[in-house]
Every structure is written in C-alpha cells, then in structure tokens.
Amino acid sequence: MMAGLLFARAGVKTLVLEKHGDFLRDFRGDTVHPSTLELMDELGLLDEFLQRPHDEIRTLTGRVADEKITIADLSHLPVKCKFVAMMPQWEFLDFIADKARLYPAFSLRMNAQAVDLISDQGRIAGVKLADGSEMRPRLLTISADGRGSILRAKSNLPLRDLGAPIDVLWFRLPKGASDFRETGGTFGSGTFIVQINRGDYWQCAFVVPKGAAAELERRGIIAFRNDVARAVPDLADVTGTLASWDQVKLLSVSLDRLDHWSRPGLLCIGDAAHAMSPVGGVGINLAIQDAVAAANILAARLAAGDNADDLLEKVQDRRMLPVKLVQGAQKLVHDRILTPLVVREAVLDKVPFVLKLFKYLPILRRIPARVVGLGFRREHIRSPEA
Ligand SMILES: Cc1cc2nc3c(=O)[nH]c(=O)nc-3n(C[C@H](O)[C@H](O)[C@H](O)COP(=O)(O)OP(=O)(O)OC[C@H]3O[C@@H](n4cnc5c(N)ncnc54)[C@H](O)[C@@H]3O)c2cc1C
C-alpha cells in the first residue's frame, strides 16, 4: 500500500491488488515505528495520522524472576516521535489507502487474488487473478504479498530458509486487577509471553516451539488457560475469558530471504523478499522502508513511461544490508534465547547477567531502542511528487 501511495504520488499509474475484501485482520502486528512516523512527517501526513486511534509505547520491559527491567527506552531517539505508535493495522492501511486515493494515478482493487505470474518472452508481464482475469501492467509488477507470497513462489527465485524454531499463539485478554501496564515480555520457566498494551486489553503472544500448537489445541482451552496463568500469574484472573480455541490464532513464524529480489518485469519487496520473525516487531518497518527505497530508485523512470528493469537490482542493493543485519539479530535471539528457553524449557529463576546490565546502566537501553525504532540505513522520501 505504501509503494502504491508513493508511485501514484510520483505520477505512475498504479493498481494495488488485495486478495481480501477488507483489512480487518489483527495478526500482522500493529507497530508503527518512529522511522515510519518520520516518513509520515516527510509526506506532510503526520498530524492527521496521529489523530487515528493509537497507543504510544515509549519503553519496552522484560519481566524475569519477578523483576521488571526496562530494556528499551525510546525517549532519546533523534526524531520527532519518540515512541512506537500501536495502531490497528486496518486503521493504518485505511489511512494510507485514503491518502493514496487522492492521487488520480492510484487505484486499489479488493477481493483480487493473484494466483500466477504471466511470462512473456522471458519477462514478467503481469499476474493472473483467481477470477481468471489478467492484469498486464506496462512497466512493472511488484510482489508485496507477504511471507506466504504466491508470486515469489511462481517466480522461481531461489529462497534461502534461515529456519525458525518457534511459532506464536496470538490472543487478546482484558486488563485484570494487576497494575502492570507496560508493553514487554515475561520470561518464565520454559515460557515466554509478550504482552502489548492496547488500551483496555492486552494483545498477547505466547511463543511455542515450532509445530507444538497442534498438541496444545488437543489438550484443550482449559489447559492452555492454565499454561498462560502459570507463565504470567497476574493474568490468572482474566484467562477465563478464553472460552474456546477459536480465540487463539496460530501464526507460523518463518525467517527467510531471496538471494535475488527481481527478474525482468518483477520486483519482490517486504516479507515477499524477506520474511521476518516477530522478534523485535520490526517487519512492518522494513517492508515500508523497502517501498520507500523502491519508489526513490524507480519512480522517476517509471513516471517518464520508461522501462526500469535495469534499476531493479539497485533496490535490493540498497536494502539487503539492513535485512541481513535484522535477520541476523533475529536469528541470534531465536538460537540463544528462545531455543534454550522455550524449546529446551530452561528454568530461569534469576535475572541473567545481560539483563542486569540494563538495570544498572540505563544508557544501554538506547541501543535496542535505536535498533527497533529506527533500524539500519533509514530511508527518506526522495521520490518526486507529480
Ligand atoms: C506472529 C507475528 C507477529 C508479528 N508482529 C509484528 C509486529 O508487531 N510489528 C512488526 O513490525 N512486524 C511484525 N511481524 C512481521 C510483519 O507482520 C511482517 O514483516 C509485515 O507485515 C510484512 O509486510 P508486507 O507488506 O511485506 O506483508 P503483509 O503485511 O503480509 O501484507 C501482504 C498483503 O498482501 C495480501 N496478499 C497476500 N497474497 C495475495 C495475493 N495472492 N493476491 C493479492 N493479495 C495478496 C495480504 O492479504 C496482505 O494484505 C509479525 C509477524 C508474525 C508472524
């Protein structure tokens, strides 16, 4: 959607296809990072954007062995908005779509599922849709269809699977009597639960070993409620609101990337080019940065009506480094923290030394804040406005 906005803004006739009829799904993360908020500011949209319902998160907290430790503090970031805006993704996408529609070059088609690529003399010439129709853009097809990307699969671009030892069970719980209100994670013995403060409710992520969800579902919702209450005792008074397994969504985690993000006529961006783990909650940010880089590099050429196939690799050249750095960090967290803790069920009965450092040296909290809030090689809007 962001790529659609930026290309249309530059005067490139752009059609965004979305397979669903609306954006009303709450399992893709709700985080709008300081770097994305900066982009909103550069587009002159920030004030209006912040009028949409959102919560502001300024610190991230870890709870281990009954101790609360602030591990990220965004208040020192050198940007206008020193917080992560938690905005339901449908609000965010609706906002971007509304702003994109102001440009005559933009259109959005809902209920339009791409099922295959069209090849024409070795070049990708568009997509086939589930209803049998075809879309043949004159200049470029962008695959931004997420981590299960069908277009990436059909492109035969080689995929490097980095492996992910975890899956996530995603559910909501009302706020209970506890006065704990901070967004963050609770490390227990063999468990890790992330709680995101969403006003009157918690969005919770229960991290489980890959493939373990089927057994948890078989044990039933009451056993699951008990698991949650054991992992985070101050949620015990609200777990009863989980009445059935339908309230728990399994999100299968993948960590992978393409070695080549493009073929003549086709460019993959976002999770389609590099599926991100939820660790750090930065995948949306990276996808948006890809869109900005793609528009910066390609929009002027496309707006002139010229083929930009020779520029496609430049988008990958620009974005591969941040992707590798973030995926490397996510893999480190998978291997060094989540595998011992959740997969091998290590017992954590005292605060690990590394976390203690964050307690006694608050300046360290700026490092995760910077990585999560701004990422690496930050993009700025350089594409033209027609
Ligand atoms: C459990 C979990 C939690 C996460 N939490 C966070 C978080 O808090 N913060 C964060 O930044 N990241 C988070 N992530 C990562 C984040 O969801 C992704 O990195 C990000 O959404 C990628 O954006 P995207 O636009 O590339 O793909 P997506 O957000 O997946 O968007 C792809 C879009 O394409 C549509 N689509 C798919 N296939 C087709 C098709 N064939 N035809 C037409 N349309 C199609 C989809 O309906 C969707 O709207 C999380 C990931 C997981 C697994």
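Taking the numbering used here, I'd label the letters of the sequence shown as residues 2 to 387.
The beta carbon of each residue, even a glycine, is placed where N, CA and C say it ideally should be.
Just so we're clear, the structure is a prediction, and the values are computed from it rather than from any experiment.
Any non-hydrogen atom of ligand 1 within 7 Å of residue i CB
i, result
"residue 14", "no"
"residue 20", "yes"
"residue 279", "yes"
"residue 143", "no"
"residue 148", "yes"
"residue 282", "yes"
"residue 32", "yes"
"residue 113", "yes"
"residue 157", "no"
"residue 198", "no"
"residue 252", "yes"
"residue 286", "yes"
"residue 235", "no"
"residue 213", "no"
"residue 169", "yes"
"residue 95", "no"
"residue 125", "no"
"residue 151", "yes"
"residue 5", "no"
"residue 271", "yes"
Separation of residue j from residue i, as counted between CA atoms
i, j, result
"residue 334", "residue 73", "16 Å"
"residue 299", "residue 309", "7 Å"
"residue 225", "residue 233", "12 Å"
"residue 329", "residue 160", "16 Å"
"residue 47", "residue 35", "11 Å"
"residue 237", "residue 304", "57 Å"
"residue 320", "residue 179", "43 Å"
"residue 146", "residue 351", "42 Å"
"residue 25", "residue 173", "15 Å"
"residue 177", "residue 42", "36 Å"
"residue 127", "residue 17", "12 Å"
"residue 223", "residue 246", "9 Å"
"residue 325", "residue 370", "19 Å"
"residue 213", "residue 163", "19 Å"
"residue 122", "residue 148", "28 Å"
"residue 115", "residue 273", "13 Å"
"residue 279", "residue 94", "19 Å"
Buried versus exposed, by CB contacts within 10 Å (16 or more), residue i
i, result
"residue 261", "exposed"
"residue 104", "buried"
"residue 50", "buried"
"residue 67", "exposed"
"residue 30", "buried"
"residue 143", "buried"
"residue 354", "exposed"
"residue 345", "exposed"
"residue 81", "exposed"
"residue 100", "buried"
DSSP three-state assignment for residue i, whether helix, strand or coil
i, result
"residue 1", "Outside the displayed range of the chain (2 to 387) lies residue 1, so it cannot be described from this structure."
"residue 236", "helix"
"residue 139", "coil"
"residue 202", "strand"
"residue 7", "helix"
"residue 41", "helix"
"residue 364", "helix"
"residue 79", "coil"
"residue 150", "coil"
"residue 1", "Since the first residue of the chain shown is 2 and the last is 387, residue 1 is not available in this structure."
"residue 26", "coil"
"residue 270", "coil"
"residue 122", "coil"
"residue 192", "coil"
"residue 57", "strand"
"residue 351", "coil"
"residue 48", "helix"
"residue 337", "helix"
"residue 173", "strand"
Integer-rounded CB distance, given that residue j should sit under 8 Å from residue i
i, j, result
"residue 96", "residue 15", "Rounded, the Cβ-Cβ distance is 17 Å, inconsistent with contact."
"residue 188", "residue 349", "5 Å"
"residue 384", "residue 297", "5 Å"
"residue 3", "residue 289", "5 Å"
"residue 268", "residue 141", "6 Å"
"residue 198", "residue 219", "Not confirmed; about 31 Å, so no contact."
"residue 175", "residue 71", "That belief does not hold up - the Cβ atoms of residue 175 and residue 71 are roughly 25 Å apart, past 8 Å."
"residue 118", "residue 156", "6 Å"
"residue 113", "residue 20", "7 Å"
"residue 1", "residue 251", "Here the chain covers residues 2 to 387 and nothing more, so residue 1 does not appear."
"residue 283", "residue 327", "6 Å"
8 Å Cβ cutoff, residue i in contact with chain C
i, result
"residue 43", "Chain labels in this structure do not include chain C; a single protein chain is all it has."
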